[in-house]
Ligand code: ATP
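Below, the structure is given as C-alpha cells:
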C-alpha cells in the first residue's frame, strides 16, 4: 500500500507561516492535484512530502511508515520538479535509465523500460543526445520519463508540463493520466492550472494562503464550491458573485424573484453556464456590455444589478452589446455565500 497521510503539517519560514496545519490523505493509487495561486504553499507542501524541506510541525506517513525524518531517497518515491534537473553529462537514454541503474535493473529490462517511457513522452528520437542540445520542453519530458521509468509506487510532480506548448501539454496530460492509472501510481501533482487539475485528478485540493480550502472530486468542487475563493478560482469564466438583499426567503433582482436562504450579507454565486437567456427577456435582468464569440459558445460580459457578471450563451444566440436580456437560473444550481465569512451556506 502506498497511501500518503499528511498530518497537521506546519511550515514556518522565520515568522512567516507558509503552511498552516495542513492535513490530507491520498489513497493508494489515487491522483490528487494541489491547485492554487502562486504563493499558496503547494510547492512547499510537495517538498516536505519529498523530504527536501523539513516541516516545523506535523507528520508525513507513506504506506504506513512515518517518513517525517527520513532522507528523500529513503522515502520510496519518484519526483519531477519545476527545474527538471537532468544530468548534463549523460545522454537522454542514460538520464531516463538513471533510476533503473540505481536499482541494478538488468540491462535488457533497462532498455525496454527506457524505450517505453521515451515513447510515452515522445522523446525516442533524442535518446542519443545530450540535454544541452534539447529545448526546455524536451528536457522537461526527459525528467518526466526518468521518473516514470522506475514505475514508482508514489510519484510527486510539480508543474511537470509547464514548459510545453498548449497542444503538446494536452497530449502529455492525456498520456500521463492513462499511464499512471494503469500503473496504479499514487500521485500528487502541483499545478496552478485548473484545467490540468480538473482533467487529471481523482480529487483536487484547492489551496489558498497556506491552507486547503476544499478537497473533492473535480465536478464536486466545480458544482459545490465550499468558499467564494474556490468558486472564483475554478471554472472559466469564474463563478459570478452578486450581492443580493434577501428578506423572508425571497431575493429580488429587478423584476425577478429568487428563493434565498436566511442570512445577512448574502451573495449569489452563479456559474456563467448555469444561466440561460429567458424568453422575451424575462428573468434576472442582465445588461450586456461585450459579446465575445469563442466558437463553442458566446461569452457575454455585463452587469446584473450593476455588478460585473459573465454569462455563457449558445454560439448562435442573438445577443448584442448594449442590450438588456433576461436570465433564467435553476435554483438548484445556485450557490449562496455568506458575504462576511466567504463560506458557502449548506
Ligand atoms: P508557485 O506556484 O509560485 O510556485 P506555491 O504555491 O508553490 O507558488 P510556495 O513556493 O510553496 O508557493 O511558497 C509558499 C510561500 O512560502 C510563499 O509566500 C513563498 O514566498 C514562501 N517561501 C517559500 N520558500 C521559502 C523560503 N525558502 N524562505 C522563505 N519563504 C519561502
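Residue numbers (the UniProt record's numbering): 1 to 346.
Every residue, glycine too, gets a C-beta built ideally from N, C-alpha and C.
Counting contacts by CB-CB distance shorter than 7 Å, is residue 168 in contact with chain C?
The structure shown contains no chain C; it is built from a single protein chain.
Within the continuous alpha helix (DSSP H) that includes residue 102, where are the two ends?
The sequence position of residue 102 within the chain shown is 102, counting from 1. First-last of the alpha helix (DSSP H) with residue 102: 92–102.
For the beta strand (DSSP E) holding residue 286, just list the boundary residues, first then last.
What you label residue 286 is simply residue 286 of the chain shown in a count that begins at 1. Element bounds for residue 286: 284–293.
Check residue 327 in the structure and name its three-state DSSP category.
Taking the chain shown and counting its residues from 1, the one referred to as residue 327 is at position 327. Three-state result, residue 327: strand.
Can you tell which of 56, 323, 235 has the C-alpha that lies nearest to the C-alpha of residue 359?
Summary: the structure shown does not reach residue 359, with the chain confined to residues 1 through 346, and so no result is reported for it.
In terms of residues, what are the limits of the alpha helix (DSSP H) holding residue 221?
Within the chain shown, numbered from 1, the residue matching residue 221 stands at position 221. Looking at the DSSP string, the run of the alpha helix (DSSP H) that includes residue 221 is 218–223.
Taking a contact to mean a Cβ-Cβ separation below 7 Å, would you say residue 201 touches residue 33 in this structure?
The sequence position of residue 201 within the chain shown is 201, counting from 1. The sequence position of residue 33 within the chain shown is 33, counting from 1. Cβ distance < 7 Å, so residue 201 and residue 33 count as in contact.
Is it true that the segment 21–40 meets the segment 182–195, where meeting means three or more beta-carbon pairs spaced less than 8 Å apart?
At 8 Å Cβ cutoff, the stretches touch.
Distance CB(residue 272)-CB(residue 326) smaller than 7 Å:
As a first step, residue 272 must be located in the chain shown, where it is residue number 272. As a first step, residue 326 must be located in the chain shown, where it is residue number 326. Contact: no.
Residue 195 Cβ short of 6 Å to ligand 1 heavy atom set
Stepping through the chain shown from its first residue, residue 195 is reached at position 195. No.
Residue 15: beta carbon under 6 Å from a heavy atom of ligand 1?
Looking up residue 15 in the chain shown gives position 15. Because no heavy atom of ligand 1 lies under 6 Å away, the Cβ of residue 15 does not count as near it: no.
Hey, could you find the ends of the beta strand (DSSP E) residue 198 is sitting in?
In the chain shown, residue 198 corresponds to position 198, counting from 1. Here residue 198 belongs to no beta strand (DSSP E); instead the alpha helix (DSSP H) covers 194–200.
For ligand 1, is there any heavy atom lying closer than 6 Å to the beta carbon of residue 57?
Along the chain shown, read from residue 1 onward, the residue named residue 57 stands at position 57. Result no, Cβ not under 6 Å from ligand 1.
Span separating the alpha-carbon of residue 124 from that of residue 141:
Here residue 124 corresponds to residue number 124 of the chain shown, with the count starting at 1. Here residue 141 corresponds to residue number 141 of the chain shown, with the count starting at 1. Approximately 11 Å between the Cα atoms of the pair.
Check whether the Cβ atoms of residue 42 and residue 51 sit closer than 7 Å, and answer yes or no.
Walking along the chain shown from the start, residue 42 turns up at place 42. Walking along the chain shown from the start, residue 51 turns up at place 51. Cβ atoms of residue 42 and residue 51: not closer than 7 Å.
Beta-ladder partner(s) of residue 243, from DSSP:
To locate residue 243, count along the chain shown from 1; it is residue 243. 267.
Completely contained beta strand (DSSP E) runs for the segment 50–87, where each covers 3 or more residues:
57–62, 78–80
When we look at the beta-carbon of residue 320 and count the other beta-carbons within 10 Å, is it buried (16 or more) or exposed?
By one-based count along the chain shown, residue 320 stands at place 320. With fewer than 16 Cβ atoms within 10 Å of its Cβ, residue 320 is classed as exposed.
Around the C-beta of residue 250, are 16 or more other C-beta atoms found within 10 angstroms, so that it is buried, or is it exposed?
Here residue 250 corresponds to residue number 250 of the chain shown, with the count starting at 1. Under this definition residue 250 is an exposed residue.
Taking the alpha helix (DSSP H) that residue 351 belongs to, which residues open and close that run?
In the structure displayed, the chain extends from 1 to 346; residue 351 sits before or after that span and is not available.
Is residue 117 near residue 149, with beta carbons less than 7 Å apart?
Taking the chain shown and counting its residues from 1, the one referred to as residue 117 is at position 117. Taking the chain shown and counting its residues from 1, the one referred to as residue 149 is at position 149. With contacts defined by Cβ atoms closer than 7 Å, residue 117 and residue 149 form a contacting pair.
If you pair each beta-carbon of the segment 287–295 with each one of the segment 228–248, do three or more pairs fall below 8 Å?
no
Residue from 276, 126, 63 with nearest C-alpha to residue 75:
Locating residue 75 in the chain shown gives position 75, where the first residue counts as 1. Measuring from the Cα of residue 75, the nearest candidate turns out to be 63.
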